[in-house]
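S.K.:
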Amino acid sequence: MSLFWRIFSLNAAVLTVAALVLLFAPVTVSATARMAEALIVLAGTAVTLIANAAMLRVGLAPLARLSRVMTTVDLLKPGTRLAVRGHGEIAALIAAFNSMLERLESERAASAGRALSAQEAERHRIAQELHDEIGQTLTAVLLDLGRVTQAAPEQTRDQLLQVRESIRNSLDEIRRIARRLRPGVLDELGLASALRALAGEFTTAGMSVRRQVGAELPVLSKEVELVVYRVAQESLTNAARHSAAQHVDLVLSHEKDQLQLCVRDDGRGLRGAAEGAGIRGMRERALLIGAGLTVESGTTGGTSVQLRVPT
Numbered sequence: 001m002s003l004f005w006r007i008f009s010l011n012a013a014v015l016t017v018a019a020l021v022l023l024f025a026p027v028t029v030s031a032t033a034r035m036a037e038a039l040i041v042l043a044g045t046a047v048t049l050i051a052n053a054a055m056l057r058v059g060l061a062p063l064a065r066l067s068r069v070m071t072t073v074d075l076l077k078p079g080t081r082l083a084v085r086g087h088g089e090i091a092a093l094i095a096a097f098n099s100m101l102e103r104l105e106s107e108r109a110a111s112a113g114r115a116l117s118a119q120e121a122e123r124h125r126i127a128q129e130l131h132d133e134i135g136q137t138l139t140a141v142l143l144d145l146g147r148v149t150q151a152a153p154e155q156t157r158d159q160l161l162q163v164r165e166s167i168r169n170s171l172d173e174i175r176r177i178a179r180r181l182r183p184g185v186l187d188e189l190g191l192a193s194a195l196r197a198l199a200g201e202f203t204t205a206g207m208s209v210r211r212q213v214g215a216e217l218p219v220l221s222k223e224v225e226l227v228v229y230r231v232a233q234e235s236l237t238n239a240a241r242h243s244a245a246q247h248v249d250l251v252l253s254h255e256k257d258q259l260q261l262c263v264r265d266d267g268r269g270l271r272g273a274a275e276g277a278g279i280r281g282m283r284e285r286a287l288l289i290g291a292g293l294t295v296e297s298g299t300t301g302g303t304s305v306q307l308r309v310p311t
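Structure below.
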């Protein structure tokens, strides 16, 4: 039965009951209604309206549930579906909405995959240019400065040494940026070594990172390794920049056919703040490999980021 005929039937049923009550109830209304008669009519009208509202609420309840889901659905948190209840057009509408969500989630994942692949390719290109072009140029400058320093007078040698030290620090910074853009250790030595190097990098930046990497990790694809590494990198970056954390625990474990990465800090926590571009980027990366990501405040403060990858 269509929605129109359902509403019509409900109203017809209520009006029919009201008419039967007026026909067969021992109640009369004078030409000029008395107070008691007016109260009886008003009470009957109120009962009729209440019954009509209750029946309509029951009949339209699936639409109210659909409206709530539509206002709260987030494509970065897939799996939200509404149970198909009701009949006729309402059930068809809910089924169509669920189908639309599936298409949107698949299209969002595909477009995010293309965008992230392009981003990684661009990072790789920039890192290679930093290493090959700027890195080699600064290395040549250091060698030239070394020869100039040896032949320079004593009064200018100290200044040249300071310039040389500044250039060496700049070269180290460029190499560090290149490693963050494209971690060569991830391709050469694997995920476990890359995470150990990442934890050491943030430890030297003034934040203590306690790492615990499982000894027996499953064989992972390059795509999965890169997603796990980027999520750990973004989590540590957020802890250093926004949480004012002093200690961070980075744990990578594997149990029950599931690889789990947990990054927990002792900083300020989320404190009800909206998710920024960094967290949404982590969610998009997790969707690419079918992983689940949760970001929440810890029970004793701080922030906890958990990535669960089915293996």
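So in full-length UniProt numbering, the last spot in the sequence shown is 311, and the numbers never skip. Note that CB positions come from ideal geometry on N, CA and C, so glycine has one too. Every value quoted in this text rests on a predicted model; they were computed, and no experiment measured them.
#1: Given that a residue counts as buried once 16 or more other Cβ atoms are within 10 Å of its Cβ, and exposed if not, what is E225?
#2: Using alpha carbons as the reference points, say which of E234, R241 and A244 lies closest to L250.
#3: If you draw a straight line from the alpha carbon of L116 to that of R230, how long is it in whole angstroms?
#4: Kindly confirm or deny that the segment 153 to 168 and the segment 183 to 200 touch, where touching means at least three C-beta pairs closer than 8 Å.
#5: Can you give me the Cβ contacts of R114 inside the same chain, cut-off strictly under 6 Å, excluding the 5 residues immediately before and after it?
#6: Using 10 angstroms around the beta-carbon of R210, count the other beta-carbons present and answer buried if the total reaches 16, otherwise exposed.
#7: Do Q260 and T311 count as a contact pair if the criterion is CB distance below 8 Å?
#8: Quick check: the Cα distance between G44 and A36, rounded to an integer number of angstroms?
#9: Is the segment 177 to 190 close to the segment 126 to 136, with three or more CB pairs under 8 Å?
#10: Go to S208, then tell me how far its beta strand (DSSP E) extends in each direction, as first and last residue.
#11: Which first and last residues belong to the alpha helix (DSSP H) in which V224 is found?
#12: Please determine, among M55, L49, L42 and Q136, the residue with the shortest C-alpha to C-alpha distance to S9.
#13: If you draw a straight line from the alpha carbon of H254 to that of E216, how long is it in whole angstroms?
#14: Using DSSP bridges, identify the partner residues of E201.
#15: Identify the continuous alpha helix (DSSP H) that holds Q150 and give its terminal residues.
M.R.: Quick look at the numbers:
#1: Here residue 225 is taken as the residue at index 225 of the sequence shown, counted from 1. Under the 10 Å beta carbon count, E225 is surrounded by 16 or more other beta carbons and is classified as buried.
#2: Taking the sequence shown and counting its residues from 1, one reaches residue 250 at position 250. Of the candidates E234, R241 and A244, the one whose C-alpha sits nearest the C-alpha of L250 is E234.
#3: Residue 116 sits at position 116 when you count from the first residue of the sequence shown. Residue 230 sits at position 230 when you count from the first residue of the sequence shown. Looking at the two C-alpha atoms, the distance is approximately 11 Å.
#4: Result no; under three Cβ-Cβ pairs closer than 8 Å.
#5: Position 114 of the sequence shown, counted from the start, is the residue given in the question as residue 114. Same-chain partners within the cutoff: there are none.
#6: Position 210 of the sequence shown, counted from the first residue, corresponds to residue 210. Burial call: exposed.
#7: Within the sequence shown, numbered from 1, the residue matching residue 311 stands at position 311. Within the sequence shown, numbered from 1, the residue matching residue 260 stands at position 260. Contact flag unset, no.
#8: Reading the sequence shown from its first residue, position 44 is the one you call residue 44. Reading the sequence shown from its first residue, position 36 is the one you call residue 36. Their Cα atoms are separated by approximately 12 Å.
#9: Contact holds: three or more Cβ-Cβ distances are below 8 Å.
#10: Your numbering for residue 208 matches position 208 in the sequence shown. Run containing S208: S208 to V213, per the beta strand (DSSP E) assignment.
#11: Along the sequence shown, one-based indexing puts residue 224 at 224. K222 to R241 is the extent of the alpha helix (DSSP H) around V224.
#12: On the sequence shown, position 9 is the one that residue 9 refers to. Comparing Cα-Cα distances from S9 to each of M55, L49, L42 and Q136, the minimum goes to M55.
#13: Counting from one through the sequence shown, the residue named residue 254 turns up at place 254. Counting from one through the sequence shown, the residue named residue 216 turns up at place 216. Put simply, the backbone Cα of H254 is about 8 Å away from that of E216.
#14: In the sequence shown, residue 201 corresponds to position 201, counting from 1. Paired residues: none, contrary to the question.
#15: The residue you call residue 150 lines up with position 150 of the sequence shown. For Q150, the uninterrupted alpha helix (DSSP H) run begins and ends at G135 to A151, by DSSP.
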